[in-house]
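A.B. asks: My structure is below; once you've seen it, I'll send some questions.
Residue numbers (full-length UniProt numbering), protein chains in the order written: chain C, 1 to 134; chain X, 1 to 134.
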């Protein structure tokens, strides 16, 4: 079983989106993490509920700060590819203490297209299916 | 395998705590959900990152609103007990679309003592251990 079998659709936004609008999108899409992409759809960063709460604690105006200011940048992000075994991804999620990982495909010289997300919800569902012998 | 084998320590606060202080505690305890208890340690409600983000979107002053105003109240909360089989809890987490459940012990007439929490992180770790044949 690989990432392809359990991944979900990713929710993406642009770097210029305000923190306020991004939080609204988080609720509309009902996800815990948004992936920040450029005009070509290439991954630039990740913002999670935790990042948004940190921003909310600060006194800055959330309707003015762009998401690019608070996101975790590409160099610090863990990613997975569709053909990775699920067990390897489970380990990456546990060891890096993240709620989700972007599923990517290499693109051009140093770029990554975002093609999905793997979350702890995907893992919980997998555990349920395994437990029920499906 | 039952809830007792996989549960974590709960992070609890009082209803009077401000939303601001509660978010700070969320970071200090490194959890996604806080359980709200009364002076006897009995469960009154639950507040999650999602509830805090909703509060942050509003214009109210987070350093003035008490957590009791934004929490989900006891009647609406799903709970589990220590002797429940893990598979049943996995199903409850998936079906109710929550990140964690309070582990409780009945106390008095209608009360519940909070004795732990089960989260998607516990489930991801369990999946990792099962996959590694531990």
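Backbone N, C-alpha and C define an ideal beta-carbon position, used for all residues, glycine too.
The structure displayed is predicted, hence computed values, not measured ones.
Considering only the beta carbon of each residue, do residue 6 of chain C and residue 67 of chain C sit closer than 8 Å?
C.D. replies: Not closer than 8 Å, so no.
A.B. asks: Measure the C-alpha to C-alpha separation of residue 76 of chain C and residue 15 of chain C and round it to an integer number of angstroms.
C.D. replies: Distance between the alpha carbons of residue 76 of chain C and residue 15 of chain C is about 16 Å.
A.B. asks: Helix, strand or coil: which one does DSSP assign to residue 77 of chain C?
C.D. replies: coil
A.B. asks: Thinking C-alpha only, which one of C:99, C:91, C:130, C:95 is nearest residue 128 of chain X?
C.D. replies: C:91
A.B. asks: Distance cutoff 8 Å, beta carbons only. Does residue 75 of chain X sit that close to anything in chain C?
C.D. replies: With 8 Å as the cut-off, residue 75 of chain X does not count as an interface residue toward chain C.
A.B. asks: Who are the near neighbours of residue 63 of chain C in its chain, counting only those whose CB is closer than 7 Å to its CB and skipping five residues on each side?
C.D. replies: 18, 20
A.B. asks: Helix or strand or just coil, what does DSSP make of residue 13 of chain X?
C.D. replies: strand
A.B. asks: Give the C-beta separation of residue 71 of chain C and residue 103 of chain C to the nearest angstrom, bearing in mind that I take them to be a contact with Cβ-Cβ under 8 Å.
C.D. replies: Rounded, the Cβ-Cβ distance is 18 Å, inconsistent with contact.
A.B. asks: I'd like to check one pair, residue 79 of chain X with residue 101 of chain X: are the Cβ atoms closer than 8 Å?
C.D. replies: Against a cut-off of 8 Å, the Cβ pair of residue 79 of chain X and residue 101 of chain X comes out as a contact.
A.B. asks: Residue range of the alpha helix (DSSP H) that residue 120 of chain X falls in?
C.D. replies: Counting along the chain, the alpha helix (DSSP H) containing residue 120 of chain X begins and ends at 120-131.
A.B. asks: To the nearest angstrom, how far is it from the Cα of residue 44 of chain C to the Cα of residue 32 of chain C?
C.D. replies: Put simply, the backbone Cα of residue 44 of chain C is about 17 Å away from that of residue 32 of chain C.
A.B. asks: Give me, in chain order, the residues of the same chain whose beta-carbon lies closer than 8 Å to that of residue 22 of chain C; leave out the 5 immediate sequence neighbours on both sides.
C.D. replies: 13, 34, 47, 52, 67
A.B. asks: Any C-beta of chain C within less than 7 Å: which residues of the UniProt domain "CBS" (71-134) of chain X qualify?
C.D. replies: 87, 90, 91, 93, 94, 120, 121, 123, 124, 125, 126, 127, 128, 131
A.B. asks: Closer than 8 Å by beta-carbon distance: list the chain C residues that pair up with residue 56 of chain X, in chain order.
C.D. replies: Correct list: 23, 52, 53, 56, 62.
A.B. asks: Can you confirm whether residue 49 of chain C, when its beta carbon is compared against all beta carbons of chain X, has any partner nearer than 8 Å?
C.D. replies: yes
A.B. asks: In terms of residue numbering, what span does the alpha helix (DSSP H) encompassing residue 49 of chain X cover?
C.D. replies: 49-57
A.B. asks: Quick check on the burial criterion: 16 or more other C-beta atoms within 10 angstroms. Buried or exposed for residue 96 of chain C?
C.D. replies: exposed
A.B. asks: Going by C-alpha to C-alpha distance, which of C:1, C:93, C:60 sits closest to residue 121 of chain C?
C.D. replies: C:93
A.B. asks: Secondary structure at residue 98 of chain X, three-state DSSP: helix, strand or coil?
C.D. replies: coil
A.B. asks: Can you tell which of C:106, C:98, C:27 has the C-alpha that lies nearest to the C-alpha of residue 125 of chain X?
C.D. replies: C:98
A.B. asks: Verify whether the separation of the beta carbon atoms of residue 65 of chain C and residue 56 of chain C is less than 8 Å.
C.D. replies: no
A.B. asks: From which residue to which residue does the beta strand (DSSP E) around residue 37 of chain C run?
C.D. replies: 33-37
A.B. asks: Specify, as a first and last residue, the run of the alpha helix (DSSP H) that residue 29 of chain C falls within.
C.D. replies: Run containing residue 29 of chain C: 19-29, per the alpha helix (DSSP H) assignment.
A.B. asks: Alpha carbon to alpha carbon, what distance is there between residue 36 of chain X and residue 73 of chain X?
C.D. replies: 9 Å
A.B. asks: Could you check how far apart the C-beta atoms of residue 84 of chain C and residue 3 of chain C are, in whole angstroms? I think they sit under 8 Å.
C.D. replies: 5 Å
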